[in-house]
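**Student:** Quick mapping for you: the protein sequence lines, in order, are chains A and B.
Each step along the first sequence adds one to the number in numbering that gives the first Met the number 0, with nothing skipped, and position 394 is 393.
Each step along the second sequence adds one to the number in numbering that gives the first Met the number 0, with nothing skipped, and position 504 is 503.
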Amino acid sequence: MLDLINVSYDTQIPNNVGLSSDKKVLKALEKWHPGYIDWWNQLIPNRYQQSEVYLRTAVSVDPKGWAKFDYVKMPEYRWGVLLAPQVEGRTIPCGEHAGEPAWQDVPGEYRNLMKRLIVIQGDTEPASVEQQKALALTAPSLYDMRNLFQVNVEEGRHLWAMVYLLHKYFGRDGREEADDLLRRQSGSEEAPRMLGAFNEETPDWLSFFMFTYFTDRDGKMQLESLAQSGFDPLSRTCRFMLTEEAHHMFVGETGVGRTIQRTCEVMKENGIEDPFDVDRIRGLGVIDLPLIQKKLNLHYTLSLDLFGQEVSTNAANAFNAGIKGRYQENRLTDDHQLQNDTYKVWDIVDGKIVQHDVPALTAINMRLRDDYTKDAAGGVGRWNKIIEKMGIDFELKLPHEAFHRKIGVFADKLIDPDGKFISGAEYDKGMVEWLPSHADGDYIQSLMKPEYEPGKYARWIAPPKVGIDNKPGDFEYVKLAMA
Amino acid sequence: MTKMIDFQTNPSKYRHWKVQYDGPIANLYMDVDENCGLFDGYQLKLNSYDLGVDIELSDIVQRMRFEHPEVKVVVMRSAKEKVFCAGANIRMLGGATHAHKVNFCKFTNETRNTFEAAEEDSGQKYIAAVKGSCAGGGYELALACNYIMLTDDSSSSVALPEVPLLAVLPGTGGLTRVTDKRKVRRDRADVFCAMEEGVRGKRAAEWKLVDEVVPNSKFDATVAERAAEFAAASQRLDGLKGIALTPLKREITDNAVTYSTVEIELDRAGRKATITINGPDAGAPADMDTFTTEGAEAWMLRAARELDDAILHLRLNEMELGLWVIRTQGDPETVLAHEKLLLDNQDHWLANEVLQLWKRVLKRVDVTSRSLVALVEHGSCFAGVLAELLFAVDRSYMMEDEFEGDNRPMATLTLANSNFGQYPMGNDLTRLQTRFWGDEASVEAAQEHIGEALEAEEADELGLVTYILDDIDWEDEIRIFMEERASFSPDAMTGMEANLRFAGPETMETRIFGRLTAWQNWIFQRPNAVGAEGALQRYGTGVRGDFNMERV
C-alpha cells in the first residue's frame, strides 16, 4: 500500500516528467492522489483488490521499460506519468498554425477548448473502469480476469495522464476539473459521466469484449487525433497511451474471436451445420453466431454515436486551432489546413440516404468516423476467417452506419442494417433479429459463471492461443485472495 | 427575408414550446423543433431560438396572464436532455440582415421584460429550472426569471460565451442583469462574461449567478417543492378563471392593415404609416363581471392587443416607413369611462392585467425606432390612456379653433389620474415627469386640470403639445414637417429619438434598451463581428475571426 503521507513521487510514481522537482504539480497531485486511491478502493470488490494480479506496469517509455510484468495488488499498482519522448523540432501539424513550432505551453487563446477536450477524454477513462467493476465476479478464467484488470489499471493510468496535464498546464481550473473527474461516476444519478455510452453498465463478458473492441477503438481514434495535437505535451501523452490502448483492442478482438471459436467448435462436435439453429446451439451452452452479430450491431452503432454530429463546429475549431488532428495527420499529404477542401458526409434528402460535399473543416468528425469504420472492419474480417476455417456458413458484418443511431443525421430514423428506409412495422419486427433482446441478455447472463481454476475456461469461450508474457496455459494469472 | 412575420399565434400552432397546467403551477417546456425555423438556411439545434421561437414564448406569457390567472408559478425548463437552451441561433444571426438582428433583439428583450415583470405586476413568478448547458441567450432566458435553480451534476453550467466565442455581446439583457439584477460583483462578472465554458455547481450560487444549486438526484423534487412553496406564498387569489384571447380581427392589404378599432394606412411614397385608434362606440361595461363576460371583446383589451400587434407588424414588416403618425377618433368621455372601470377595480385580476398590458404596449411605443408624431385633430379622443400616447411620441400637433368644413367636435385632450403614475416608462417615471424633467411644477400644473377637456390654447400653455395650428397653417406645416422628417437619415433619427425620449435617471430597463442595445448594435455593424472574416460570419466553419486589433 502506498504510504499516503510520505509518498515519494519519484520512486513510487514512474515518470519521465521530473515530477519530484515540479512543485506545482506535486502540490496538486498530493491533494488529488488520496481521492484517486479512495475512488479505486471503493470501486472493485475488495477480494480482488487484495489479490495478486500478474500485471504489466509501465515504468519508463523505452522498449524495455514500458512492459514490466509482475504480481501486484491493484491498489499498489504504480500508476505513472509517462510521455512519449519529445521529438526535436516538432511543428504544429494542422490548422491555421501548421508549420509553426509545436506549443510546449498552452496558448491562452485556446486554453478552454483544449481543457474541454482533455476533460472529455479524461472522463471516459475512469468511466469504463466503473462500468466494468462487477465483471471479475463472473470472469470466465483467471487469464481473462487478469486482462480485465490490466485494462482497468491502464484506464486508471490514462486518467492520471489527463490529470497530470490538467494540473500542469491549466492552473486552478485544471485542478477543479481533475477533482470533478473523480466526482462524476458512471451511471450516477448525482453526477453522471459526460458521454451517454459511458453511463451504461457492462453487464457481461461478451459486452466487455465488444466494448473493448468497438468502444475503446473510438477511444483509440480520439487518442490518435489528440496525438496529432500541436500542444506537444498532449501529443506525447496520447502517443504513449496508444501503446497501452492497443492491448485493450487485443483483449476485445481475441475475446470475441475465442467466443466465436468455441461456438464453432461445439457446433462441429455436435454436428450442427446451421448457425441459425439457435435453440440447439444454446442448449449446448455456447453463444450462437446470430447473437454475436446482434451484439456487434449494438456496440458498433453505439460507438459511432460517440463521434458526434457529422458536421461539427467544435471539431472544426479544434482542427483549425491545431489542437486535434486527423487520424495519422502526419502521413497525409494535403495542405493540412483544409480551408478550401470538401469532404463527403451522409445526409438524408427527400427520404433518401445520400452523400454530399461539405467544407472539409466542418467534417472532421465524419472523417475520423470513416477511419474508425475502416479500422473496425479489420477484426471483423479476422473473426470471419475463424468461422470460415471451421467450415461454417456464416459471415459477420458491420451494419450500415445509418442503422440504430441516436446522434447525427440518422438519429432515430427507421433504417435497417443494410441502410434501407423501412416502415415502422418492419422496423419493430426486424429489431428482434438485429439487436439483442432482453431474452438474449438473460441467456448470456446465464452463462456468466466464474472459472477461477488456473488453466480452466468457462464452457462458452476457447482458451487463448498464447499466454500473456508467454506464460504457459495453466499459469496462475491471479492469485485470488481468500473470499 | 422578405416574408411577412406574423406575431399572432395560438397554442394549436406551437412548434417549440409545451405547457402543462397543473393548478397554480405551470410547467413550461422548451422543446425547439430544429426543422421549424422561421427562415431557411439554419437548423435550431440544441434548443437554440430564432424570432419564431420567441413569438411563441411571448404568446405563452401573454396567455398565462389572461387565460390562466389561476397560475401562480411558472417553471421554465428544457424538454431536451443535456441542454437547457443554447441561446439565439448563430447561423440565423450570421445570415440575418442588421435590421432583422436589431428587431429580433428588441422583441426578445421585450418578451424577457414581460415575464420578468409578471411577478411584480400579476403575482406570477417564473422559475428557471436549469439542467444541462444554459448558454448565452439561454442564460438570458433564465436571468429574466425570478428564481434560478441549477442542478449540480458537475457538467450543467450557466454561461455567457458571446464575447470569447462570437465577438458580440450577450445583448438580451445578459450583461445588465448580471450586474444590476443578480448583483454579481463586477470583477467576477468580467471573468464570467469572458469565459466560454461558464460556471457550474456551487460557484454559480456563490457568485450569485443562480439562486440555488441542487444535487442532481434531488433536482426535480426540489424544483417541485420550490414551485409549491412559491405558489403557497403567493398573494394571488386561488382558482381564478381566465378569459380567452380570441384571434384578432385583422385584414392586411397592400396599403392598409385594418383591425376592429385600429387602422393603419401605409403611405410608401411618403415613407409613413398613419395609425388611427378609434375610441369605443358604446358606453363602458357596467361592472367587472360584464367586462369579464365581454373578455377579449372589451374595448380596453381589444384596443391594446390590436395596437400591440400593429406596432410589431410595422416594426418588422414595414421597415421603410420611418414615420408613424398617430391619430385617434372618438368620444373622449367614453374612453375615460372605459378606462375608469378598470382604474376603479384594480384589485380585480382582469382589470389589473388589462392596465398592465397597456403599460407594456406604451413601453413598446417608447422603444420603437421610428419617428413618432401625434395629430390631435377635431373629433379625436386623446384622453386618459390614449393621451399617454401624446407623451410617448416625439412631437405632437393640435388643431386650434374651428376648421372650415369640419364639423367634428373641437380638438381636445383630457388628462386623467392615470397619466400620473399608472403607466410608468422604462425609466420608472411617468411620461409627463420625463417630459417635464427637472420641472416638477409643470407636472403639478397639469395635474390640476385632470378631467378637463383642454382645448388647444390651454394644452399649449400647459406644455402638453408641441405646436397648435389653425386652419390656415395646419395642412402646410404638417406636410412640411412630415416631408422633412422622412428625408432625414433613419439612423440619425433613431439615435436622436432614443436619446431624447428617456430623460432622467437610468434603470436596468433603460440600460438594457439604451446602453447594452446600443453597444450591441454597434458591434453588429463592425467587421470584427459581421465582416466576411468576422467571428459571427465564421462561426461554424472552424476558422477563427480575423480581428482588426485597433481599439475604437
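Backbone N, C-alpha and C define an ideal beta-carbon position, used for all residues, glycine too.
Computed from a predicted structure; not experimentally measured.
1. Could you compute how far the alpha carbon of G284 of chain A sits from the alpha carbon of P398 of chain A?
2. Would T312 of chain A count as contacting chain B if we go by Cβ distances under 8 Å?
3. Note down, in chain order, every chain A residue with its Cβ under 8 Å from the Cβ of M194 of chain B.
4. Applying the 10 Å Cβ sphere with the 16-neighbour rule, what's the burial state of T96 of chain B?
5. Please check if any C-beta of chain A sits within less than 8 Å of the C-beta of R307 of chain B.
6. Which value, in whole angstroms, describes the spacing of the CA atoms of S234 of chain A and P23 of chain B?
7. Any chance you could list the alpha helix (DSSP H) runs of at least 4 consecutive residues sitting entirely within the stretch 431-518 of chain B, in chain order?
8. Once DSSP output is grouped into helix, strand and coil, what is the label at E255 of chain B?
9. Below 8 Å on C-beta distance, what does P169 of chain B contact in chain A?
10. Put F268 of chain B into one of helix, strand or coil per three-state DSSP.
11. Measure the alpha-carbon distance for N383 of chain A versus G270 of chain A and round it to whole angstroms.
12. Tell me which residues of the stretch 177-199 of chain A have at least one Cβ-Cβ distance to chain B shorter than 7 Å, keeping chain order.
13. Beta carbon of A445 of chain B, beta carbon of L468 of chain B: below 8 Å?
14. Exposed or buried, what is S228 of chain A when buried is set at 16 or more other beta-carbons lying within 10 Å of its beta-carbon?
15. In three-state DSSP terms, what is R76 of chain B?
16. Kindly list the residues whose CB is nearer than 8 Å to the CB of R279 of chain A, restricted to its own chain and excluding five residues on each side of it in sequence; keep chain order.
17. Would you mind working out which of A:G17, A:S19 and A:P74 sits nearest Y35 of chain A, comparing C-alpha positions?
18. Closer than 6 Å by C-beta to F546 of chain B: which residues in its own chain qualify, once you throw out the five before and the five after it? Chain order, please.
19. So what does DSSP say about V529 of chain B, is it helix, strand or coil?
20. Tell me which residues share the same chain as G407 of chain A and place their Cβ nearer than 7 Å to its Cβ, disregarding the 5 neighbours each side in the sequence.
21. Which of helix, strand or coil does DSSP assign to D2 of chain A?
22. On the CB-based measure, 16 or more other CB atoms within 10 Å of its CB, does M240 of chain A come out buried or exposed?
23. Quick check: what's the CA-CA separation for P331 of chain B versus G241 of chain B?
24. Would you mind telling me which residues of chain B sit closer than 9 Å to A315 of chain A, beta carbon to beta carbon, in chain order?
25. Using only the alpha-carbon positions, how far apart do S57 of chain B and M548 of chain B sit?
26. Taking DSSP as the reference, what is the three-state secondary structure of S20 of chain A?
27. Mark P139 of chain A as exposed unless 16 or more other C-beta atoms lie within 10 angstroms of its C-beta, in which case mark it buried.
28. Report the residue from B:K207, B:E55, B:A232 and B:G170 whose alpha carbon sits nearest the alpha carbon of K180 of chain B.
29. How far does the beta strand (DSSP E) with A134 of chain B in it extend, from its first residue to its last?
30. DSSP three-state label for D415 of chain A, please.
31. Quick one, which residues of the stretch 138-154 of chain B are near chain A if we go by CB-CB under 7 Å, in chain order?
32. Taking the C-alpha atoms as reference points, what is the distance between G539 of chain B and F402 of chain A?
33. Which residues, in chain order, does the stretch 194-221 of chain B contribute to contact with chain A at a C-beta distance below 8 Å?
34. Give me whichever residues DSSP pairs with T150 of chain B in a beta bridge.
35. Determine the direct distance from the alpha carbon of N426 of chain B to that of E505 of chain B, and round the result to whole angstroms.
36. Measure the beta-carbon distance from A457 of chain A to L446 of chain A and round it to whole angstroms, keeping in mind my assumption that it falls under 8 Å.
**Tutor:** In short:
1. Computed Cα separation, rounded: 27 Å.
2. Yes, its Cβ sits closer than 8 Å to a Cβ of chain B.
3. In chain order: N111.
4. Exposed, by the Cβ-count rule.
5. The question names Arg, but residue 307 of chain B is Asp in the sequence shown. Not one beta carbon of chain A lies nearer than 8 Å to the beta carbon of D307 of chain B.
6. The alpha-carbon atoms of S234 of chain A and P23 of chain B are separated by roughly 57 Å.
7. The stretch 431-518 of chain B contains these whole alpha helix (DSSP H) runs: 439-446, 455-460, 473-486, 489-500 and 507-510.
8. Looking at the sequence shown, residue 255 of chain B is not Glu but Ala. Annotated three-state conformation of A255 of chain B is strand, per DSSP.
9. Result: empty, since nearest Cβ-Cβ is about 17 Å, beyond 8 Å.
10. For the sequence presented, residue 268 of chain B should be read as Ala rather than Phe. DSSP places A268 of chain B in coil when its eight states are reduced to three.
11. Between the alpha carbons of N383 of chain A and G270 of chain A lies a gap of roughly 20 Å.
12. Under the 7 Å Cβ criterion, the stretch 177-199 of chain A contributes D179, R182, R183, E188, E189, A190, P191 and M193.
13. By the CB criterion at 8 Å, A445 of chain B and L468 of chain B fall outside the cutoff.
14. By the 16-neighbour rule on beta-carbons within 10 angstroms, S228 of chain A is buried.
15. In the structure shown, R76 of chain B sits in a strand (DSSP, three-state: E or B).
16. Counting only residues of its own chain and dropping the five nearest sequence neighbours on each side, R279 of chain A has a CB closer than 8 Å to the CB of N269 and I271.
17. It is A:P74 whose Cα lies nearest to the Cα of Y35 of chain A.
18. Within the same chain, F546 of chain B has close Cβ partners N527.
19. Three-state result, V529 of chain B: helix.
20. Around G407 of chain A: Q308 and E309.
21. With a pLDDT of 47 at D2 of chain A, under the threshold of 50, the modelled position of this residue cannot be trusted, and the question is left open.
22. Under a 10 Å Cβ-count criterion, M240 of chain A is classified as buried, with 16 or more other Cβ atoms of the shown protein chains found around its own Cβ.
23. Within the model, the alpha-carbon separation for P331 of chain B versus G241 of chain B is close to 29 Å.
24. Neighbours of A315 of chain A on chain B, chain order: G539, T540, G541 and V542.
25. The alpha-carbon of S57 of chain B is positioned some 39 Å away from that of M548 of chain B.
26. Residue state for S20 of chain A is assigned as helix, using DSSP reduced to three classes.
27. With 16 or more Cβ atoms within 10 Å of its Cβ, P139 of chain A is classed as buried.
28. It is B:K207 whose Cα lies nearest to the Cα of K180 of chain B.
29. That run of the beta strand (DSSP E) goes S132 to A134.
30. D415 of chain A: coil per DSSP, three-state reduction.
31. Hits within the stretch, in order: D152, S153 and S154.
32. Pairing G539 of chain B with F402 of chain A, the inter-Cα distance amounts to about 27 Å.
33. If the cut-off is 8 Å between Cβ atoms, the stretch 194-221 of chain B has M194, E195, E196, P214, N215 and S216 near chain A.
34. B:V213.
35. E505 of chain B and N426 of chain B have their C-alpha atoms spaced approximately 6 Å apart.
36. Contact between A457 of chain A and L446 of chain A holds: their C-beta atoms lie close to 7 Å from each other, under 8 Å.
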